[in-house]
Amino acid sequence: MKKTVLVSGGAGFIGSHVTVELVEAGYDVVVADNMSNCDMTCFEGVTKIIGRRLPFVQMDFCDMEAVNRLFEEYHIDAVIHFAAFKAVGESVEMPLLYYRNNLLSFINVLEAARTHGGCNVLFSSSATVYGEPEELPVTERSPRQPATSPYGNTKQMCEDFLRDAVKAYSEIKGIALRYFNPIGAHPSALIGELPRGVPNNLVPFITQTAIGKRECLSIFGNDYPTPDGTCLRDYIDIVDLAKAHVCAVSRMLDGRMKEPYEIFNVGTGRPVSVLELVTAFEKVNGLKLNYRFAPRRSGDVTAIWADPTLANEELGWKAERSVEDTLAAAWAWEKHLAGK
Ligand code: WQD
Numbered sequence: 038m039k040k041t042v043l044v045s046g047g048a049g050f051i052g053s054h055v056t057v058e059l060v061e062a063g064y065d066v067v068v069a070d071n072m073s074n075c076d077m078t079c080f081e082g083v084t085k086i087i088g089r090r091l092p093f094v095q096m097d098f099c100d101m102e103a104v105n106r107l108f109e110e111y112h113i114d115a116v117i118h119f120a121a122f123k124a125v126g127e128s129v130e131m132p133l134l135y136y137r138n139n140l141l142s143f144i145n146v147l148e149a150a151r152t153h154g155g156c157n158v159l160f161s162s163s164a165t166v167y168g169e170p171e172e173l174p175v176t177e178r179s180p181r182q183p184a185t186s187p188y189g190n191t192k193q194m195c196e197d198f199l200r201d202a203v204k205a206y207s208e209i210k211g212i213a214l215r216y217f218n219p220i221g222a223h224p225s226a227l228i229g230e231l232p233r234g235v236p237n238n239l240v241p242f243i244t245q246t247a248i249g250k251r252e253c254l255s256i257f258g259n260d261y262p263t264p265d266g267t268c269l270r271d272y273i274d275i276v277d278l279a280k281a282h283v284c285a286v287s288r289m290l291d292g293r294m295k296e297p298y299e300i301f302n303v304g305t306g307r308p309v310s311v312l313e314l315v316t317a318f319e320k321v322n323g324l325k326l327n328y329r330f331a332p333r334r335s336g337d338v339t340a341i342w343a344d345p346t347l348a349n350e351e352l353g354w355k356a357e358r359s360v361e362d363t364l365a366a367a368w369a370w371e372k373h374l375a376g377k
């Protein structure tokens, strides 16, 4: 029998790409989203890519009754939980909003997973839990650092909720995937990142500058102790990232987990500087980007990249796309949005 996967926050950037990969791997998928930070663009894009409309439930995971109704209506074998706020700066300004939304929604998912006959839970975590690492690359055993924002704190706390719930309730199994920097778009250019207002993240700012929506990219800091003075990150292609979810879900559903709670880094293992990323974008897309060097952005770590060995070996997953292909896809998506 086909297994059913619930994707909370499934209309967003990562959720929509994961939905496509799950369907292509043969899973039934139910998409749920409260649409608080996206419109139907990506869900419609998913419909076009897979050629049919998936069940879609507009609901808020902070509403326990709505979550229970969802679990009663569908037999959910696994849930991938994306539904959360994700802007670091905003979380500093509105910590209670972030704590209420991100923590309560996940508690509700865990409660429903426990009370509706058991369920596998995949939590969307972040490399932000490692803070400014003392040793690079970071492995899953690298220590977590105290969070520097409420957003980062919610990622750490939700990881702990999952660990503790799995320990207490044998009917729940859990995997946390720690993403590095997800970028890019689906090769169809039908789904991608849709930031509201001025983008916080680097690649949407680059593509919006290239299309003329922003005048100039500020590169935050060129005096870091790195080869070219700009920060180093592990940029992971969104389709590669989505495929890691399919590997993790099938590991849970096929009973291949070695522990009832597991953590995997999802990254490439390849550090890329901000300047290298900008240069690669210009080269692969044949254009010049207007940029300038600006002061450091507060809260940025100098360098972080993954040791993805555990995911490579245990999940049988490996990042495949080059940075160039990913940046070409990001640009194709920006042009698609502009109707060009
Ligand atoms: C990358 C690099 C910036 C914008 C954040 C979250 C993390 C995760 C992904 C969120 C940094 C530089 C950026 C710009 C720049 N989750 N930059 N000019 O900060 O590594 O990670 O996003 O959803 O938890 O912390 O990603 O894309 O913001 O920045 O120079 O206009 O690009 O300084 O070095 P970050 P980012």
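When the count follows my numbering, it moves up by one through the sequence shown with no breaks and lands on 377 for the last residue. Ideal Cβ placement from N, Cα and C applies to all residues, glycine included.
Contact set for residue i: own chain, Cβ-Cβ below 6 Å, skip 5 residues either direction
| i | result |
| --- | --- |
| Gly221 | Asp274, Ile275, Thr363, Ala366 and Ala367 |
| Val125 | Ser186 and Tyr188 |
| Pro241 | Glu230 and Pro232 |
| Glu196 | Ser162 and Ala213 |
| Gly155 | Glu208 |
Pair within 8 Å by beta-carbon distance, residue i and residue j
| i | j | result |
| --- | --- | --- |
| Gly82 | Leu227 | yes |
| His118 | Phe160 | yes |
| Asn74 | Arg251 | no |
| Ala149 | Phe198 | no |
| Cys268 | Asp337 | yes |
| Phe98 | Val55 | no |
| Thr246 | Asn327 | yes |
| Gly304 | Pro345 | yes |
| Val286 | Ile209 | no |
| Ser225 | Ile86 | yes |
| Asp277 | Arg307 | no |
| Val235 | Val309 | no |
| Ala375 | Ile248 | yes |
| Tyr206 | Arg288 | no |
Assigned secondary structure, residue i (DSSP; H/G/I helix, E/B strand, else coil)
| i | result |
| --- | --- |
| Phe50 | helix |
| Tyr167 | helix |
| Ser287 | helix |
| Ile243 | helix |
| Phe93 | strand |
| Asn145 | helix |
| Tyr272 | strand |
| Ser225 | coil |
| Cys375 | In the sequence under discussion, the amino acid at residue 375 is Ala, which differs from the Cys named in the question. DSSP places Ala375 in coil when its eight states are reduced to three. |
| Ser128 | helix |
Spatial neighbours of residue i in its chain, beta-carbon cut-off 7 Å, leaving aside the 5 residues before and after
| i | result |
| --- | --- |
| Trp354 | Lys280, Ala281, Cys284 and Ala348 |
| Thr165 | Gly189 and Lys192 |
| Met72 | Ala48 and Gln95 |
| Val104 | Phe98, Asn145, Val146 and Ala149 |
Chain-order list of residues whose beta-carbon lies under 8 Å from that of residue i (same chain, five-residue window excluded)
| i | result |
| --- | --- |
| Thr111 | At residue 111 the sequence reads Tyr, which differs from the Thr that was named. Result list for Tyr111: Thr41, Leu43, Val67 and Pro92, in chain order. |
| Lys325 | Glu319 |
| Lys39 | Gly63, Tyr64 and Asp65 |
| Leu352 | Ala281, Cys284, Ala285, Arg288 and Phe301 |
Which residues DSSP lists as bridging residue i, in chain order
| i | result |
| --- | --- |
| Ile212 | Leu159 and Glu299 |
| Pro219 | Ile273 |
| Ile117 | Val44 and Leu159 |
| Val67 | Leu43 |
| Ile248 | According to DSSP, which records beta bridges pairwise, Ile248 is partnered with nothing at all. |
I want to know whether the stretch 108-123 touches the stretch 38-49 - three or more CB-CB distances under 8 Å. Segments in contact, yes.
Tell me whether the stretch 251-270 and the stretch 329-337 touch, counting them as touching only if at least three CB pairs, one residue from each stretch, are closer than 8 Å. With a cut-off of 8 Å, the stretch 329-337 and the stretch 251-270 count as touching, because enough Cβ pairs lie within range.
Does the stretch 128-146 come within contact of the stretch 171-180, defined as at least 3 CB pairs closer than 8 Å? The stretch 128-146 is not in contact with the stretch 171-180.
Does the stretch 293-306 come into contact with the stretch 199-216, if we say contact requires no fewer than three beta-carbon pairs (one atom in each stretch) closer than 8 Å? As far as the Cβ criterion goes, the stretch 293-306 touches the stretch 199-216, which means the pair count is three or higher.
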